[in-house]
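As structure tokens, this is what we get:
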């Protein structure tokens with residue numbers, strides 16, 4: 809039963825991390841390039857609405873669950889048959905933690921500044937507000953995309969390594 813629990817927790821950590829990597833990737837390759845083609849007020853209003861809409865239970869489950877499940881997977885794999893996967897799990901958790909630091913230290917404060925700018929119709933200089941937000945937010949999103957994708961890859965490899973031992 810312990811091996812089954814380890815396997816399930818590692819799978820859940822991998823899936824939630826993959827969901828977050830996919831979300832950040834979608835912003836990098838579709839959402840932000842698409843919004844780059846709209847006027848300043850539309851950009852601001854859309855990002856303000858997205859930043860409100862994303863704060864929901866499903867997002868919270870994946871966003872926080874990836875870290876919690878990753879740490880739990882590391883704890884469960886610290887000995888016995890799970891040990892060969894442990895280094896990959898640790899690196900995956902560290903990379904995911906890096907993405908959290910980027911998100912909480914850079915993307916969220918930028919989102920908050922954008923929200924504080926007010927409604928697009930009442931912003932005196934929407935071009936300046938957009939430029940300050942977009943020029944910083946996009947590169948930080950790419951950074952967290954890379955970190956989270958690396959975390960996902962490490963956890964997926966941990967599953968492969970664990971599979972090679974028969975059970976974790």
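Residue numbers (the numbering used here): 809 to 976.
All C-beta atoms, glycine included, are put in the ideal place defined by N, C-alpha and C.
Remember, predicted model here, so these are calculated numbers, not experimental data.
For residue i and residue j, what's the separation of their Cα atoms in angstroms?
i: residue 859; j: residue 841; result: 17 Å
i: residue 922; j: residue 967; result: 40 Å
i: residue 806; j: residue 918; result: Because the chain spans 809 through 976 in this model, residue 806 falls outside it and cannot be assessed.
i: residue 941; j: residue 948; result: 11 Å
i: residue 969; j: residue 883; result: 17 Å
i: residue 835; j: residue 929; result: 25 Å
i: residue 936; j: residue 847; result: 12 Å
i: residue 913; j: residue 907; result: 10 Å
i: residue 926; j: residue 861; result: 17 Å
Using C-beta distances below 6 Å, list every residue in its chain close to residue i, excluding the 5 sequence neighbours before and after it, in chain order.
i: residue 957; result: 829
Have a look at the options and flag the residue whose alpha-carbon is nearest the alpha-carbon of residue i.
i: residue 813; options: 885, 852, 825 and 868; result: 885
i: residue 905; options: 959, 819 and 862; result: 959
i: residue 943; options: 915, 954 and 928; result: 915
i: residue 868; options: 834, 824 and 931; result: 824
i: residue 950; options: 839, 853, 870 and 897; result: 839
i: residue 856; options: 811, 898, 924 and 903; result: 924
i: residue 1013; options: 863, 899 and 954; result: Given a span of 809 to 976 for the chain in the structure shown, any question on residue 1013 remains unanswerable.
i: residue 810; options: 900, 902, 889 and 833; result: 889
Short of 7 Å in beta carbon distance, which residues of its chain neighbour residue i, apart from the five on each side in sequence? Order them along the chain.
i: residue 821; result: 874, 877, 878, 881 and 963
i: residue 945; result: 915 and 918
Check your understanding: Can you give, in chain order, each stretch of the beta strand (DSSP E) that sits fully within the stretch 860 to 910 and has at least 3 residues?
Key -> Here no run is fully enclosed.
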